[in-house]
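Have a look at the structure below before the remarks.
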Amino acid sequence: MHKAVLLSKGEGNFYFGFHDLIAWNYAGDKLLALRIDDMLTPPNPDVPCDIGYLDKEGKYHKMGETYAYNYPQGARQQWIGKSDLFIVNDKINHAWRSKIYNTKTGECTPLEFPTHVITDDGWAFGLDYARLFRVGGYGYTGLPDAYADEDAPADSGIVKHNVYTGEEEMIISVAEVANYQMNANLGNNHYFTHLLLNPSQTRVCFLHRYKLKDGGETTRLMTINTDGSELHCLATGFLSHFDWQDDNHIAIWGRTGSSVEKLRSSLLYRMLPTGLVGRAKKIIKKILYKPKPGVNSNPGFNWLLFSDAEGAPHSLLAKDVITEDGHPMFCPANRDWMICDTYPNSEGIRTLFLFQYSTQRRIDLGTYKMLDQQPDLDKSMPYLQGVEKTVLKAFSPQQMAFTRSGLHCDLHPRWKGDGTMVAFDSIHEGSRQIYGFDVSDIIKSKDTTPAHERQAAHYGV
Numbered sequence: 298m299h300k301a302v303l304l305s306k307g308e309g310n311f312y313f314g315f316h317d318l319i320a321w322n323y324a325g326d327k328l329l330a331l332r333i334d335d336m337l338t339p340p341n342p343d344v345p346c347d348i349g350y351l352d353k354e355g356k357y358h359k360m361g362e363t364y365a366y367n368y369p370q371g372a373r374q375q376w377i378g379k380s381d382l383f384i385v386n387d388k389i390n391h392a393w394r395s396k397i398y399n400t401k402t403g404e405c406t407p408l409e410f411p412t413h414v415i416t417d418d419g420w421a422f423g424l425d426y427a428r429l430f431r432v433g434g435y436g437y438t439g440l441p442d443a444y445a446d447e448d449a450p451a452d453s454g455i456v457k458h459n460v461y462t463g464e465e466e467m468i469i470s471v472a473e474v475a476n477y478q479m480n481a482n483l484g485n486n487h488y489f490t491h492l493l494l495n496p497s498q499t500r501v502c503f504l505h506r507y508k509l510k511d512g513g514e515t516t517r518l519m520t521i522n523t524d525g526s527e528l529h530c531l532a533t534g535f536l537s538h539f540d541w542q543d544d545n546h547i548a549i550w551g552r553t554g555s556s557v558e559k560l561r562s563s564l565l566y567r568m569l570p571t572g573l574v575g576r577a578k579k580i581i582k583k584i585l586y587k588p589k590p591g592v593n594s595n596p597g598f599n600w601l602l603f604s605d606a607e608g609a610p611h612s613l614l615a616k617d618v619i620t621e622d623g624h625p626m627f628c629p630a631n632r633d634w635m636i637c638d639t640y641p642n643s644e645g646i647r648t649l650f651l652f653q654y655s656t657q658r659r660i661d662l663g664t665y666k667m668l669d670q671q672p673d674l675d676k677s678m679p680y681l682q683g684v685e686k687t688v689l690k691a692f693s694p695q696q697m698a699f700t701r702s703g704l705h706c707d708l709h710p711r712w713k714g715d716g717t718m719v720a721f722d723s724i725h726e727g728s729r730q731i732y733g734f735d736v737s738d739i740i741k742s743k744d745t746t747p748a749h750e751r752q753a754a755h756y757g758v
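For the sequence shown, the residue numbers in my numbering are 298 to 758.
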């Protein structure tokens with residue numbers, strides 16, 4: 298039976314972050330990692346974490362430090378193409394920007410803009426991380442949102458910059474997206490998050506989110522060409538983690554078209570005072586979503602599969618096979634396979650699993666328990682200063698401190714480029730570490746399931 302192996306060795310806590318980047322370099326002998334001593338509180342704006350890589354023996358090679366990090370998404374450290382150069386976000390001259398490190402020479406080159414994703418030829422796409430932090434997203438603490446007084450700023454958006462030539466442009470602003478196929482005044486505090494390039498690196502997918510007067514939030518799934526043309530809105534509703542299945546399809550966990558969402562788009566909703574709207578939403582949710590014995594605890598939620606086209610009907614990715622949210626990543630070497638995880642169950646256990654789309658097979662690989670330890674609130678709360686008050690009201694101080702600290706450790710599995718192994722973060726052995734799981738024999742094995750037992754590849758909705 299397969300078992301996870303420890304990839305990070307040495308003193309401290311090691312982590313990578315999100316599930317949407319390849320952590321290994323092209324040669325497969327270096328694994329990017331962040332290292333920090335204290336993971337019990339949210340990131341301190343005065344305390345950096347180490348940035349570097351793990352070699353094949355698990356030895357950590359520190360290349361520098363960064364102040365631009367959070368525990369869920371790290372510092373967006375990633376390799377550039379097939380080179381031994383990697384890019385990472387940092388705070389430079391009181392601004393969120395990025396740096397390039399050369400792992401062969403040790404040279405560090407500062408850049409003028411932050412980076413969330415980057416193409417093989419050096420075109421990087423960055424977000425407004427100060428705004429992200431203020432509105433409760435995965436931003437960085439320590440710098441104010443320059444557009445905090447604007448619900449849909451025209452000067453904040455997705456910035457494209459070339460790390461070699463210095464060319465730069467904003468390909469789309471928050472204001473442009475907020476006014477695309479909707480009235481921007483329906484919401485406030487519009488922002489972008491979760492940029493992700495398609496496999497051929499011609500289009501970018503991202504989430505457009507905005508707050509509502511009932512205290513909730515709505516998400517729109519958007520795509521755009523890397524030159525800023527052909528903006529598409531694929532879906533609106535409660536939308537969470539996603540990945541490109543291929544160049545033309547996106548798998549995302551969520552729900553669209555619910556009764557609550559219809560209420561929010563109605564004329565009655567827009568006319569009601571804020572207090573009444575909030576109470577009305579709570580009553581409707583209790584009526585519509587009262588749990589029933591033996592019924593899926595996530596009514597209306599599924600892994601949805603969208604074509605990258607306006608108005609195209611969606612299908613289901615894994616009907617009755619994967620029934621909860623997680624962090625998906627399709628294998629770069631064989632996109633029929635997906636690695637994913639689950640959130641902790643009632644016992645605090647997360648599950649790591651593989652899913653094959655063509656056969657609708659799920660293969661559980663391992664289970665990993667979270668710690669019962671809680672963050673120190675006295676140390677945590679000062680680092681949450683600057684977060685929008687409505688966000689702080691929606692969550693308890695304990696929950697905010699926990700989700701921002703290193704104790705909240707999702708597995709966030711990510712592939713090695715050749716598809717032979719996955720890496721994931723976990724805290725089940727008492728400290729935060731990076732583990733690997735060899736899946737090469739599973740991916741290469743031929744399916745033996747009889748054809749008549751296979752589920753259909755698509756499920757119409």
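Glycine included, each C-beta is placed from N, C-alpha and C at the ideal position.
{"Query": "Within its chain, find whatever has a CB closer than 8 Å to the CB of N631; leave out the 5 residues flanking it on each side and keep chain order.", "Result": "G716, I740"}
{"Query": "So what does DSSP say about R373, is it helix, strand or coil?", "Result": "coil"}
{"Query": "Sorted by chain position, which residues of the same chain lie with C-beta nearer than 6 Å to F474's C-beta, five sequence neighbours on each side aside?", "Result": "Note on identity: in this sequence residue 474 is Val, with Phe being the wrong assignment. For V474, where only same-chain residues beyond five positions count, the Cβ hits under 6 Å are H505."}
{"Query": "Tell me the start and end of each unbroken alpha helix (DSSP H) in the region 642-686 that is at least 4 residues and wholly inside, in chain order.", "Result": "674-677"}
{"Query": "Give a yes or no on contact between the region 422-436 and the region 334-346, applying the rule of three or more CB pairs nearer than 8 Å.", "Result": "no"}
{"Query": "So is Y640 buried or exposed if we call it buried at 16+ other beta carbons inside 10 Å?", "Result": "exposed"}
{"Query": "Grab the span of the alpha helix (DSSP H) containing S537 for me, first residue to last.", "Result": "From DSSP, S537 is part of no alpha helix (DSSP H) but of the beta strand (DSSP E) over 529-543."}
{"Query": "Express the C-alpha separation of T656 and P253 in angstroms, rounding to a whole number.", "Result": "An answer regarding residue 253 cannot be provided, because it is not within the stretch 298 to 758 covered by the chain."}
{"Query": "In terms of residues, what are the limits of the beta strand (DSSP E) holding Q730?", "Result": "730-735"}
{"Query": "Beta-carbon separation of F422 and G371 under 9 Å?", "Result": "no"}
{"Query": "Residue ranges of each alpha helix (DSSP H) run of no fewer than 4 residues wholly in the region 308-335, ordered along the chain?", "Result": "none"}
{"Query": "With which residues is P407 paired in a DSSP beta bridge?", "Result": "K396"}
{"Query": "When the Cα of P345 is compared with those of H358, K353, Y366, which residue comes out closest?", "Result": "Y366"}
{"Query": "Would you mind giving the Cβ-Cβ distance between S395 and D387, rounded to the nearest angstrom? I have them listed as a contact below 8 Å.", "Result": "7 Å"}
{"Query": "Please classify V302: does DSSP put it in a helix, a strand, or coil?", "Result": "strand"}
{"Query": "What whole-angstrom Cβ distance do F410 and I731 have, given they're in contact under 8 Å?", "Result": "At roughly 28 Å, the Cβ-Cβ gap does not stay under 8 Å, so F410 and I731 are not in contact."}
{"Query": "Helix or strand or just coil, what does DSSP make of F430?", "Result": "helix"}
{"Query": "With DSSP collapsed to three states, give me the class of A548.", "Result": "strand"}
{"Query": "Do the region 348-355 and the region 443-457 touch if we need at least three Cβ pairs shorter than 8 Å?", "Result": "no"}
{"Query": "Give the straight-line distance between the Cα atoms of I584 and A691, rounded to the nearest whole angstrom.", "Result": "Since pLDDT at I584 reaches only 47, below the 50 mark, its modelled position is unreliable, and no value is offered."}
{"Query": "Excluding the five sequence neighbours on either side, which residues of its own chain have a C-beta within less than 6 Å of the C-beta of L614, listed in chain order?", "Result": "A548, W600, L602"}
{"Query": "Taking DSSP as the reference, what is the three-state secondary structure of A691?", "Result": "helix"}
{"Query": "Does T700 come out as helix, strand or coil in the three-state DSSP assignment?", "Result": "helix"}
{"Query": "Ordered along the chain, which non-local residues of its own chain (more than five positions away) have a Cβ less than 6 Å from that of K300?", "Result": "none"}
{"Query": "Pick out whichever of W376, G597, L518, S526 has its Cα sitting closest to the Cα of S604.", "Result": "L518"}
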